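When we follow the UniProt record's numbering, the leftmost residue of the first sequence carries the number 1, and every step to the right adds one. Each residue gets a CB set at the ideal place from its N, CA and C atoms; glycine is no exception. None of these values were measured; they are calculated from a predicted model. Notes for the one structure printed next.
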Amino acid sequence: MPELPEVEVVRRGLEPLVLQRQIARISASGLPLRRPVPLAELRRWGEGARVTGVSRRAKYLLLHLDNSALLIFHLGMTGKFYPAVADDPPRKHDHLVLHLNDHANDGHGGRGASGQKVAQIRFNDCRRFGLVAVCAPAETTAPALLAGLGPEPLDDKAFTPAYLAQRCAHRRTPIKNLLMDNRVVVGIGNIYANEVLFAAGVHPQTPAGEISRARLKKICAAAREILTRAIAAGGTTIADFANAAGESGYFQVQLAVYGRGGQPCPRCGREIVRQVQAGRATYFCPRCQRPPKVISKNKEQKSGK
DNA sequence: AAGATGGCCTGAAAGC
DNA sequence: TGCTTTCAGGCCATCT
C-alpha cells in the first residue's frame with residue numbers, strides 16, 4: 001500500500017536507473033488502469049526523449065523528459081516498478097514497459113547487471129488502481145492531475161498549524177477524513193491518518209472545526225515525524241527495489257494502532273478499537289484518543305432507545 | 001455545498 | 001476439500 005513514504009522510496013530507487021537514459025520504445029498491455037493508458041501520446045512524447053529528472057508530488061511519480069514533457073505515474077494500491085532486461089519473461093500484471101537505450105557518452109553505459117544493452121523499466125499493477133498519464137511539452141499550466149493538490153506534509157513552510165487551522169475552521173467533517181483529503185494535505189492515506197491521530201491523541205471522528213490549536217499543532221508535528229521515520233525505514237528497501245518489487249522494508253515501520261484492533265494500546269494498554277469510518281478501517285485507543293462529546297451523546301441516545 | 005457512499009480491481013484469507 | 005464472501009484502499013463520480 002504505497003503512501004507518501006513508499007512512493008518517495010520508489011522515487012529514490014527509480015532515479016538512478018533512469019536518469020539521463022533515453023527511452024527507446026514504450027509498450028503496454030492494452031488493459032486500462034484507473035483510466036486508459038494513453039499509449040499513442042506516451043510514444044509521441046516519450047520515445048526518443050531522455051529522462052532529466054525523477055520527482056514526486058503527493059503520491060504521483062513524475063519523469064521529466066528533455067523535451068519538457070512529463071510522464072506521470074500513480075502506483076494506486078499495488079503498482080510497482082521493477083527493472084528488467086529484454087530476455088526477462090514478462091510477469092503477470094505488467095502494464096507498461098519503458099525500453100531504455102544505451103548511451104554512448106553517459107560514462108557508464110547504462111548496462112544492467114547482466115551486461116545487456118537495453119534495459120527496461122516495467123510498471124506492474126495487479127489491481128489496476130494505478131495511473132499513467134502524459135503532460136505534453138506545450139502544456140504550460142500544471143497537469144490537471146496535479147492541480148488543486150494541497151501542500152506536502154513534509155513542507156514545514158506550507159503545512160503549518162496555522163494552515164491546518166484555517167482548513168479545519170467551521171468544518172464538521174471528521175478530522176481523519178480531512179487528513180486523507182488531498183486537497184487539504186497530500187500523501188496521508190488510511191494507515192498514516194490512523195497513526196498520526198493516535199500520536200496526537202485525537203479521536204478520528206472529532207469534527208475538524210472543534211480541534212484546539214494546540215492539538216492541530218500536535219497533528220502537524222506527528223505527521224511530519226511519522227512520515228519522515230517511515231521514509232527512513234523504507235529506505236532500507238531501495239536495494240530490494242533494484243532486484244524486484246521489494247516492499248519488505250515498508251512494514252518495518254512501527255505501527256502503533258493500524259491493524260491492531262483488539263490488541264492493547266502501546267501507551268496505556270487499553271484495547272484498540274476498530275471501526276469503519278467513511279468506508280475505511282479506523283483504529284484508535286478509546287482512552288488515549290477521547291471521543292468528541294457529540295459522538296458520546298449520540299451513543300447514549302441510541303443505547304437509551 | 002459539504003459530506004457520505006459506492007465502484008473500480010485482484011488475490012489473499014476467512015467463512016461455510 | 002472447494003466454493004463463496006469479504007477485505008484491502010486511492011481516487012473519483014454520484015448521491016443526499
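Could you check what DSSP says for residue i in three-state terms: helix, strand or coil?
{"i": "C135", "result": "strand"}
{"i": "Q22", "result": "strand"}
{"i": "Y60", "result": "strand"}
{"i": "G187", "result": "coil"}
{"i": "R12", "result": "helix"}
{"i": "F198", "result": "helix"}
{"i": "P286", "result": "coil"}
{"i": "G214", "result": "In the sequence under discussion, the amino acid at residue 214 is Ala, which differs from the Gly named in the question. Of the three classes helix, strand and coil, the one that applies to A214 here is helix, per DSSP."}
{"i": "I72", "result": "strand"}
{"i": "P292", "result": "coil"}
{"i": "P36", "result": "coil"}
{"i": "A84", "result": "strand"}
{"i": "V273", "result": "strand"}
{"i": "G262", "result": "coil"}
{"i": "Q166", "result": "helix"}
{"i": "P153", "result": "coil"}
{"i": "T206", "result": "coil"}
{"i": "R43", "result": "helix"}
{"i": "A281", "result": "strand"}
{"i": "A244", "result": "Reliability of the predicted coordinates at A244 is poor, the pLDDT of 46 falling under 50, and the value obtained from them is presented with this limitation in mind. Note: A244 maps to coil in three-state DSSP."}
{"i": "residue 309", "result": "A query on residue 309 cannot be resolved here, the shown segment of the chain reaching from 1 to 305 and no further."}
{"i": "residue 340", "result": "Outside the displayed range of the chain (1 to 305) lies residue 340, so it cannot be described from this structure."}
{"i": "G79", "result": "strand"}
{"i": "L255", "result": "coil"}
So, at 7 Å on beta carbons, what are the nonlocal neighbours of residue i in its own chain, with the 5 sequence-adjacent residues on each side left out?
{"i": "C220", "result": "F159, T160, P161, L164"}
{"i": "R25", "result": "E47, H99"}
{"i": "Q275", "result": "T282"}
{"i": "R91", "result": "N124"}
{"i": "R290", "result": "H203"}
Can you grab the Cα-Cα spacing for the pair residue i / residue j, in whole Å?
{"i": "E15", "j": "G53", "result": "7 Å"}
{"i": "R172", "j": "P5", "result": "29 Å"}
{"i": "D156", "j": "P89", "result": "45 Å"}
{"i": "N194", "j": "T78", "result": "20 Å"}
{"i": "C126", "j": "K80", "result": "9 Å"}
{"i": "A208", "j": "P292", "result": "11 Å"}
{"i": "C229", "j": "G30", "result": "Looking at the sequence shown, residue 229 is not Cys but Arg. Each residue's Cα considered, the two are about 38 Å apart."}
{"i": "D66", "j": "Y60", "result": "19 Å"}
{"i": "V86", "j": "A49", "result": "A small correction: the amino acid at residue 86 is Ala; Val does not occupy that position in the sequence shown. If I take the Cα positions, the gap works out to 20 Å."}
{"i": "P137", "j": "W45", "result": "8 Å"}
{"i": "Q254", "j": "C285", "result": "16 Å"}
{"i": "V257", "j": "Q22", "result": "45 Å"}
{"i": "Q277", "j": "Q205", "result": "8 Å"}
{"i": "V7", "j": "L75", "result": "8 Å"}
{"i": "E3", "j": "Y192", "result": "8 Å"}
{"i": "F73", "j": "R12", "result": "14 Å"}
{"i": "A169", "j": "P153", "result": "19 Å"}
{"i": "N101", "j": "E139", "result": "26 Å"}
{"i": "A119", "j": "S68", "result": "23 Å"}
{"i": "G279", "j": "R260", "result": "18 Å"}
Return the chain-ordered list of same chain residues with a C-beta closer than 8 Å to the C-beta of residue i, the five sequence neighbours on each side being excluded.
{"i": "V288", "result": "The sequence given here places Cys at residue 288; Val does not occur at that position. Around C288: F198, G201, C265, R267, C268, R270."}
{"i": "L70", "result": "L62, L63, H64, V134, C135, P143"}
{"i": "V196", "result": "L179, I188, I219, A222, A223, I226"}
{"i": "residue 347", "result": "No statement about residue 347 is possible, as the shown extent of the chain runs from 1 to 305 and does not include it."}
{"i": "Q263", "result": "E271, I272"}
{"i": "P151", "result": "A158, F159, Y163, V185, V186"}
{"i": "R213", "result": "P161, A165"}
My understanding is that residue i touches residue j, with C-beta atoms under 8 Å, so please give their C-beta distance in whole angstroms.
{"i": "V9", "j": "G234", "result": "4 Å"}
{"i": "N177", "j": "A281", "result": "About 14 Å; that fails the 8 Å criterion."}
{"i": "I175", "j": "I211", "result": "6 Å"}
{"i": "R122", "j": "L33", "result": "Wrong, their Cβ atoms sit about 14 Å apart, outside the cutoff."}
Beta-carbon within less than 6 Å of residue i's beta-carbon, same chain only, minus the 5 sequence neighbours each way: which residues are those?
{"i": "L42", "result": "I26, V134"}
{"i": "R57", "result": "L146"}
{"i": "S55", "result": "L62"}
{"i": "residue 311", "result": "Within the shown structure, residues of the chain are numbered from 1 to 305, placing residue 311 beyond reach of any answer."}
{"i": "A84", "result": "Q120, R122"}
Touch test, the segment 118–135 against the segment 173–193, Cβ-Cβ under 8 Å, three pairs minimum: Contact between the segment 118–135 and the segment 173–193 is absent: fewer than three C-beta pairs spanning the two stretches fall below 8 Å.
Contact the segment 89–102 vs the segment 27–41: 3+ CB pairs below 8 Å: The segment 89–102, when compared against the segment 27–41, does touch it at the 8 Å Cβ threshold.
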